[in-house]
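Each remark here refers to the structure printed beneath this line.
Residue numbers (our numbering), protein chains in the order written: chain A, 379 to 666; chain B, 115 to 462.
Printed below as a string of structure tokens:
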């Protein structure tokens with residue numbers, strides 16, 4: 379029953395990893411950009427939530443009403459004024475510029491908020507559980523987090539395949555020059571995609587902040603978790619990122635159960651095994 | 115007209131600079147005569163960073179393998195040095211070379227995994243690998259686990275006769291290391307593999323269809339980088355005398371700073387990392403008291419350079435004045451003075 383409990387927790391944590399992964403996958407899908415600052419932006423959203431909840435006395439989830447649009451605007455601006463200039467055939471500029479951004483965000487947070495770890499208080503929901511059997515119960519907060527991840531990925535999927543925005547995203551992804559012929563401004567489309575990615579990130583950041591302690595240095599590890607979930611799930615598949623997140627979460631839970639020092643290692647090993655055995659991931663995008 | 119043109123690689127500037135470089139090398143080799151211990155220490159650190167940045171540049175600048183995980187090999191080199199001297203009883207200098215070989219050997223299976231990832235995903239994958247080695251190192255209880263260990267006094271004192279001899283030895287090892295790394299890189303890039311690398315850089319598909327064995331050449335480069343980076347790592351921790359997983363596999367110290375040097379100096383140019391490392395150390399001496407603000411400034415400078423002068427200081431000088439200090443390509447030159455033709459291919 380102990381093991382079942384660990385695995386269940388792992389599955390639910392997988393929802394959070396899927397949120398990291400969805401934002402990463404989205405911008406890679408639309409503009410082939412890998413954002414090294416992704417994890418640091420998650421942590422930045424967590425700190426924004428801290429500021430908003432303290433200043434306005436809102437609950438963490440309610441604070442998303444402010445933070446998500448704010449992060450989306452930041453994302454749009456970042457893409458239009460900085461990252462669009464780096465896109466092209468050369469791999470280095472976008473990687474190095476986002477790497478520089480990562481250093482700036484990390485040290486900026488350190489400068490403003492100090493290296494002390496913080497946590498967001500969400501009240502009674504944090505400790506509430508749903509009993510399943512006498513030995514097994516599910517925490518309400520992890521469950522909400524998982525369901526939000528599922529809903530978010532469902533919404534992104536619908537946006538991509540059912541709306542005009544989604545058509546523009548997919549068309550730009552397929553052929554950047556042709557979309558311009560039919561009147562799509564790809565610079566604007568890229569801005570929208572980054573804005574959307576940062577809105578997704580802000581939800582992940584708030585759940586991260588409620589779930590556990592956070593500090594300015596933990597961004598890179600969030601980038602790595604998201605990246606591993608993307609590769610395990612299969613590049614270019616949004617539902618795959620959920621599967622990837624769950625695999626990663628379960629692997630870490632099993633590792634932690636064996637030895638606390640093995641938690642992260644087990645997750646990385648799961649990723650490396652998938653890379654060795656099935657490099658296209660479990661649910662690769664179907665090639666047209 | 116036949117006979118009026120010859121194929122050369124050197125330029126007048128490159129020959130003058132080569133003479134200058136030999137003079138500088140001679141001065142550096144004699145540095146124990148004229149420099150204080152603290153200066154030797156600083157110079158050794160610069161040598162190690164030039165070696166690291168040159169290896170990163172070989173990967174990212176010349177071979178399109180952008181890695182943010184080279185701290186894996188710094189850590190492997192450092193830990194190999196400690197293990198081989200403490201457990202294996204080797205002399206530190208022997209252990210340093212052996213650490214390089216171990217780094218090169220480990221690079222082979224790692225490449226097998228990482229080469230499945232393309233472009234930017236290769237970069238983050240390399241970071242995951244570095245994390246795996248960091249976590250593994252913290253499981254080695256005989257080397258202090260997560261808190262690390264110091265090099266025992268008997269090994270340190272057994273290295274050479276007296277403190278000064280030891281400091282000189284570490285300094286000359288650093289100088290030799292940077293010569294080996296630079297020499298190896300220049301030889302590699304001037305060989306037919308170097309030509310193949312340039313072909314891959316310009317158009318991988320076309321290179322492949324002309325029979326260039328892209329994967330094998332990239333593997334060769336990755337292994338050479340693992341070798342050089344691990345030796346630099348061994349030197350760094352021989353100098354520090356203390357190792358821990360977080361210090362040995364630090365992404366900030368061994369990758370962020372190294373990338374910064376390569377970017378300001380000039381990615382894809384031999385002299386770039388040397389210029390970058392010197393500039394970096396000047397900035398560090400002047401500004402490191404500012405702490406995290408200093409790091410933010412480094413990030414900002416790297417972004418601005420990448421956007422405004424993506425070929426760095428060395429590239430800017432080369433474009434502006436036509437300097438080619440370390441020419442890698444052959445060019446058609448008139449045997450009459452003052453009529454030098456353009457290089458056969460523009461360096462991208």
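Where a beta carbon is used, it is the ideal one built from N, C-alpha and C, also for glycine.
Note that this is a predicted model, so its numbers are computed, not measured.
Query - 6 Å CB neighbourhood of residue 587 (chain A) in its chain, flanking five on each side removed - result: Closer than 6 Å at Cβ, skipping near neighbours: 424, 427, 498.
Requested in this report: Express the C-alpha separation of residue 544 (chain A) and residue 537 (chain A) in angstroms, rounding to a whole number.
Outcome: Taking the straight line from one Cα to the other gives about 5 Å.
Query raised in the report: Under a CB-based cut-off of 9 Å, is residue 665 (chain A) close to chain B?
Result: Low local confidence applies: a pLDDT of 46 at residue 665 (chain A) is under 50, so the model's placement there is unreliable, and no value is given.
Query raised in the report: According to the Cβ coordinates, are residue 358 (chain B) and residue 262 (chain B) closer than 9 Å?
Result: Yes; because the gap between Cβ atoms is below 9 Å, this pair is in contact.
Requested in this report: Taking residue 234 (chain B) as the query, report the chain A residues whose CB atoms sit under 7 Å from its CB, ordered along the chain.
Outcome: Per Cβ cutoff of 7 Å: 412, 469, 473.
Query raised in the report: Quick one: is residue 481 (chain A) near chain B, going by C-beta distance under 9 Å?
Result: Yes, contact with chain B.
Query raised in the report: To the nearest whole angstrom, what separates the beta carbons of residue 189 (chain B) and residue 248 (chain B), a pair I think is in contact under 8 Å?
Result: In this structure, residue 189 (chain B) and residue 248 (chain B) form a Cβ contact; the two beta carbons are roughly 6 Å apart against a cut-off of 8 Å.
**Report entry** Bridge-paired residues (DSSP) for residue 441 (chain A)
**Finding:** Answer is none; residue 441 (chain A) lacks a bridge partner.
Query raised in the report: Over what stretch of residues does the alpha helix (DSSP H) that includes residue 130 (chain B) continue unbroken?
Result: Secondary structure note for residue 130 (chain B): its alpha helix (DSSP H) is the uninterrupted segment 126-143.
Query raised in the report: Does the distance from the CB of residue 626 (chain A) to the CB of residue 648 (chain A) come in under 9 Å?
Result: Yes; because the gap between Cβ atoms is below 9 Å, this pair is in contact.
Query raised in the report: Which partner residues does residue 122 (chain B) have in the DSSP bridge list?
Result: Residue pairing by DSSP places residue 122 (chain B) opposite B:445 in a beta bridge.
Query raised in the report: With contact counted as at least three CB pairs below 8 Å, one residue from each stretch, are the stretch 338-353 of chain B and the stretch 282-289 of chain B in contact?
Result: The stretch 338-353 of chain B is in contact with the stretch 282-289 of chain B.
Query raised in the report: By the 10 Å Cβ neighbour count, where 16 or more other Cβ atoms means buried, how is residue 469 (chain A) classified, buried or exposed?
Result: When all chains shown are included, residue 469 (chain A) counts as buried.
Query raised in the report: Between the stretch 352-379 of chain B and chain A, which residues of the former have a C-beta closer than 7 Å to a C-beta of the latter?
Result: Listed in chain order, the positions of the stretch 352-379 of chain B with a beta carbon within less than 7 Å of a beta carbon of chain A are 365, 370, 373, 377.
Query raised in the report: How is residue 507 (chain A) classed by DSSP in three states: helix, strand or coil?
Result: Three-state result, residue 507 (chain A): strand.
Query raised in the report: For the putative contact between residue 527 (chain A) and residue 393 (chain A), defined by C-beta atoms under 8 Å, what is the C-beta separation to the nearest angstrom?
Result: Right, their Cβ atoms sit about 3 Å apart.
Query raised in the report: Given a limit of 8 Å on CB to CB distance, which residues of the stretch 179-195 of chain B reach chain A?
Result: Listed in sequence order: 180, 182.
Query raised in the report: What in chain A is Cβ-close to residue 406 (chain B), meaning under 7 Å?
Result: Residues of chain A passing the Cβ test: 485, 488, 489.
Report task. Keeping to the same chain, check which residues put their C-beta closer than 7 Å to that of residue 164 (chain B); ignore five residues upstream and five downstream. Result -> Within the same chain, residue 164 (chain B) has close Cβ partners 292, 387, 388, 391.
**Report entry** Within 7 Å of chain A by C-beta, residues of the stretch 217-247 of chain B in sequence order
**Finding:** Listed by position, the residues of the stretch 217-247 of chain B near chain A (Cβ gap below 7 Å) are 227, 230, 233, 234, 235, 237, 238, 241, 242, 245, 246.
**Report entry** Counted within 10 angstroms of its Cβ, other Cβ atoms place residue 329 (chain B) as buried (16 or more) or exposed
**Finding:** By the neighbour-count rule (16 or more Cβ atoms within 10 Å), residue 329 (chain B) is not buried but exposed.
Report task. Could you please tell me which residues of the stretch 256-269 of chain B, in chain order, have their CB closer than 7 Å to any CB of chain A? Result -> Cβ contacts with chain A come from no residue of the stretch 256-269 of chain B.
Requested in this report: Determine the extent of the beta strand (DSSP E) in which residue 515 (chain A) is found, giving its start and end residues.
Outcome: Counting along the chain, residue 515 (chain A) sits inside the beta strand (DSSP E) bounded by residues 515-517.
Query raised in the report: Comparing the C-beta of residue 337 (chain B) with each C-beta of chain A, is any distance below 9 Å?
Result: It does not; no Cβ of chain A falls within 9 Å.
Query - Cβ of residue 566 (chain A) within 9 Å of any chain B Cβ - result: Judged by the 9 Å Cβ criterion, residue 566 (chain A) is not in contact with chain B.
Report task. Using a Cβ cut-off of 9 Å, pull out every chain A residue sitting near residue 206 (chain B), in sequence order please. Result -> Going along chain A, no residue has its Cβ under 9 Å from residue 206 (chain B), so there is no contact; the nearest lies around 30 Å.
Query - Span of the alpha helix (DSSP H), counted from its first residue to its last, around residue 309 (chain B) - result: In this chain, the alpha helix (DSSP H) harbouring residue 309 (chain B) covers 306-316.
Query - Those residues which DSSP pairs with residue 356 (chain B) across a bridge - result: Beta-bridge analysis with DSSP links residue 356 (chain B) to B:264.
Report task. Using the Cα positions of residue 594 (chain A) and residue 602 (chain A), report the straight-line distance between them to the nearest angstrom. Result -> Answer to the nearest angstrom: the Cα atoms are 16 Å apart.
**Report entry** Where residue 540 (chain A) sits in the DSSP three-state scheme
**Finding:** Helix, per DSSP.
Query raised in the report: DSSP puts residue 496 (chain A) in a beta bridge; with which residues?
Result: Residue pairing from DSSP places residue 496 (chain A) in a beta bridge opposite A:592.
Query raised in the report: Is the shortest distance between the beta-carbon of residue 433 (chain B) and the beta-carbons of chain A less than 9 Å?
Result: Not closer than 9 Å to any Cβ of chain A, the Cβ of residue 433 (chain B) fails to qualify, so no.
Requested in this report: Please report the residue range of the alpha helix (DSSP H) in which residue 558 (chain A) lies.
Outcome: Per DSSP, residue 558 (chain A) belongs to the alpha helix (DSSP H) from 554-559.
Report task. Look at residue 409 (chain B) and residue 484 (chain A) and say whether their C-beta atoms are less than 9 Å apart. Result -> For the pair residue 409 (chain B) and residue 484 (chain A), the CB atoms are nearer than the 9 Å cut-off.
Query raised in the report: According to DSSP, is residue 232 (chain B) helix, strand or coil?
Result: Three-state DSSP puts residue 232 (chain B) in coil, outside helix and strand.
Query raised in the report: Under 9 Å between C-beta atoms, does residue 613 (chain A) make it to chain B?
Result: Interface residue, yes.
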